[in-house]
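Per the working numbering: the sequence shown ends with 177, consecutive numbering throughout.
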Amino acid sequence: MKIIVYCKYFNFKNPLDKPKVETFLVNVPQIPKIGETIIVERISLQKQFVIIFEYIVTAVQFNASKESIDSADAQVNAFLNHCWEGTSNFKVTNFLEQ
80 MKIIVYCKYF NFKNPLDKPK VETFLVNVPQ IPKIGETIIV ERISLQKQFV IIFEYIVTAV
140 QFNASKESID SADAQVNAFL NHCWEGTSNF KVTNFLEQ
């Protein structure tokens, strides 16, 4: 299943800065429920290692129509709970940053 994740996060170094919104597309075995965790891994090109992000789902919206084969099955809102360096078995496709 493809889901679009919308995540608002604050700058940890300066929490008074305007929050940023990150949007990305992931493949998951099933659409997550509110309160569940999504794990996303990204490769840091600057530092040459994997960063693992843990997002908690706060809202789920199912798409009523499938306009194309590539459209997402659902959209979720999430907040960044934790991130760390390392490796995982999760795969991410078409990661998009705004």
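Idealized CB from N, CA, C, for every residue including glycine.
Query, Result
"Tell me the rounded alpha-carbon separation between residue 122 and residue 128.", "6 Å"
"On the DSSP letters alone, give me the boundaries of the beta strand (DSSP E) that residue 131 sits inside.", "128 to 141"
"Taking all protein chains shown into account, do 16 or more other C-beta atoms lie within 10 angstroms of the C-beta of residue 96, making it buried, or fewer, making it exposed?", "exposed"
"Determine the extent of the beta strand (DSSP E) in which residue 159 is found, giving its start and end residues.", "153 to 164"
"In three-state terms, what does DSSP make of residue 115?", "coil"
"Taking only the alpha-carbon atoms, compute the straight-line gap between residue 118 and residue 101 and give it to the nearest angstrom.", "15 Å"
"List the whole-angstrom C-beta distance separating residue 84 from residue 113, where the pair is believed to meet the contact cut-off of C-beta under 8 Å.", "The Cβ separation is near 13 Å, so there is no contact."
"Buried or exposed: residue 246, going by 16 or more other Cβ atoms within 10 Å of its Cβ?", "Residue numbering for the chain in the displayed model covers 80 to 177; residue 246 lies beyond these limits and cannot be assessed."
"What's the gap between the Cα of residue 81 and the Cα of residue 124?", "25 Å"
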